[in-house]
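Numbering (the numbering used here), first residue to last: 1 to 172.
This is the structure we're talking about:
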C-alpha cells in the first residue's frame, strides 16, 4: 500500500511560530482578534485594554490591526541585520490601498528571525507621509518603462520601529 503525504511550505510553520510569539507579547496590552479566513489582508487584530486595578483591566473602544511578514535567516542573516539601519520589506500595492481604506490603524509587522525581533510601521501614517490619496492613482506607481508596479519596498528603521514597550504605549 502506498502512503501519500500532503506537502506544505515550512514558511507556514515559521509564521505560526512568530505569530504565537507576537500574540504572547500583545496579550498584556489587549485581546487578540482573528479572522477565520485570510481575505482582508490582515493577520490579527488587538482590542486594546487598560489596567484598572492589580486584578482588573478595562476593554477600550480601540482596536488595531497587524499584517505580518517574516524574514528568515536565509533572507536576512545575522551579519546583514547587524550591519543594517533599516529593514526592507516588499509589499503589494493593492494591500497598501486596502489597509489605507480601513478606519482603524493597521501596522505592517516584520519579524526578523536572525534577531528574534519584531518591527512595526503604521501604514496610515506611512501612506499619508508618502502619497496621501494619490495611493489610489495607478500613475503614482510606475516603473521606468511606464508600467504599473505590483509592489514596493517599505523601509523600517530599526531604531524607531522595534516592537518594544514604547511601541505598546503609542497604541494606547
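Virtual Cβ for every residue (Gly too), placed ideally from N, Cα, C.
For residue 57, the three-state secondary structure derived from DSSP is strand. DSSP places residue 156 outside any alpha helix (DSSP H); the residue lies instead in the beta strand (DSSP E), whose first and last residues are 151 to 157. Counting C-beta atoms within 10 angstroms of its own C-beta, residue 89 has 16 or more neighbours from the protein chains shown and is therefore classed as buried. Residue pairing by DSSP places residue 120 opposite 109 in a beta bridge.
Between residue 121 and residue 93, the gap from beta carbon to beta carbon reaches 8 Å or more. Under a 10 Å Cβ-count criterion, residue 169 is classified as exposed, with fewer than 16 other Cβ atoms of the shown protein chains found around its own Cβ. Out of 165, 148, 105, the CA that lies nearest to the CA of residue 139 is found in 148. A contact between stretches requires three or more CB pairs, one per stretch, nearer than 8 Å, and the segment 39 to 46 meets this requirement with the segment 61 to 70. Secondary structure remark: continuous alpha helix (DSSP H) runs of at least 4 residues inside the segment 59 to 105, in chain order: 78 to 82, 93 to 101. Boundaries of the beta strand (DSSP E) around residue 46: 44 to 51. A Cβ-Cβ contact shorter than 8 Å links residue 119 with residue 163.
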